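K.L.:
Have a look at this one before I ask anything.
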Amino acid sequence: VLTRCPFGCSARETRSHVLSGCLPRYGGAYTKRHDAVVRKISAFLSAVWSGVLRAGSREVRTNVSNSSRSSNAIPAGALPPCHELASLCPDIMLVSRVMGRPHVDIIEVGVTAESSLDWASAKKISQYSQLCQAICDYGVFTCSYRVLLVGCLGLIPATSYKVLYDLVPGSWRGAKSAVVQTCRALS
């Protein structure tokens, strides 16, 4: 016998659904948890690169649900006008110059049930690898992307440890701890 969600939606009751997918139960809780993780990571990036940021050579753009998406969109000139992927709004973008060329480093954050981490990774890699390739093909910017996944209960897979280490090498343990605490507090 399949048990239906006790919060009024027609989905099957699973831990994954109840923790991260049930809109009647949590409403905006998934978005709130995701945005809190994005803000934590952005704060670490800003702190680590504060000297570089003041020099104006690197900009951290953060996209959370209550911000103006147009100001956090892909940098002007990175894609042809009206490109089909231009509507994607990566969670964090580092805009800088690498070897004299404009560069955008896309960091896409995924917060999902621990049982869905592989699926979420594949989905985000598919989306953002296409976007990154389109930016590179257009030729104005160079581009790279990283996917940082976090389970909604705070589990961070090994691949995401590497992303944190690459982004904030001296503070990656602090960033990891802050992300885990944020997820657990909002679960």
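Residue numbers for the sequence shown follow our numbering, beginning at 1373 and rising by one. Beta carbons are placed, not taken as given, at the ideal position from N, Cα and C, and that holds for glycine. Model, not experiment: these values are computed from the prediction.
Quick one: Cα of Leu1451 to Cα of Thr1554, how far?
P.N.:
For the purposes of this step, residue 1451 is taken as the residue at position 79 of the sequence shown. For the purposes of this step, residue 1554 is taken as the residue at position 182 of the sequence shown. Using only the alpha carbons, I get a separation of about 34 Å.
K.L.:
DSSP has Pro1452 in a bridge; who is on the other side?
P.N.:
Taking the sequence shown and counting its residues from 1, the one referred to as residue 1452 is at position 80. The partner list for Pro1452 (beta bridge, DSSP) is empty, contrary to what the question assumes.
K.L.:
Does the structure place the region 1471 to 1489 close enough to the region 1520 to 1528 that three or more beta carbon pairs sit under 8 Å?
P.N.:
They touch, by the three-pair rule.
K.L.:
Quick check on this structure: which residue in Tyr1517, Leu1536, Leu1558 and Ala1557 has the alpha carbon closest to the alpha carbon of Ala1415?
P.N.:
For the purposes of this step, residue 1415 is taken as the residue at position 43 of the sequence shown. Closest option to Ala1415, Cα to Cα, is Leu1536.
K.L.:
How about Ile1479 and Arg1518: are their beta carbons less than 8 Å apart?
P.N.:
In the sequence shown, residue 1479 corresponds to position 107, counting from 1. In the sequence shown, residue 1518 corresponds to position 146, counting from 1. In this structure, Arg1518 lies closer than 8 Å to Ile1479 by Cβ.
K.L.:
If you drop the 5 nearest sequence neighbours on each side, which residues of the same chain put their C-beta closer than 6 Å to that of Leu1503?
P.N.:
Stepping through the sequence shown from its first residue, residue 1503 is reached at position 131. Same-chain partners within the cutoff: Leu1457 and Leu1460.
K.L.:
Once DSSP output is grouped into helix, strand and coil, what is the label at Thr1386?
P.N.:
Stepping through the sequence shown from its first residue, residue 1386 is reached at position 14. Three-state result, Thr1386: coil.
K.L.:
Quick one, which of Cys1515, Val1409, Arg1556 and Thr1531 has its alpha-carbon nearest Ser1468's?
P.N.:
For the purposes of this step, residue 1468 is taken as the residue at position 96 of the sequence shown. Nearest of Cys1515, Val1409, Arg1556 and Thr1531 to Ser1468, Cα basis: Cys1515.
K.L.:
Do Ile1481 and Asp1463 have their C-beta atoms closer together than 8 Å?
P.N.:
Taking the first residue of the sequence shown as 1, we reach residue 1481 at position 109. Taking the first residue of the sequence shown as 1, we reach residue 1463 at position 91. Note on residue identity: the sequence assigns Val, not Ile, to residue 1481. Result yes, Cβ atoms of Val1481 and Asp1463 sit closer than 8 Å.
K.L.:
Measure the alpha-carbon distance for Ala1494 versus Lys1404 and round it to whole angstroms.
P.N.:
Within the sequence shown, residue 1494 is the residue found at index 122, counting from 1. Within the sequence shown, residue 1404 is the residue found at index 32, counting from 1. Computed Cα separation, rounded: 23 Å.
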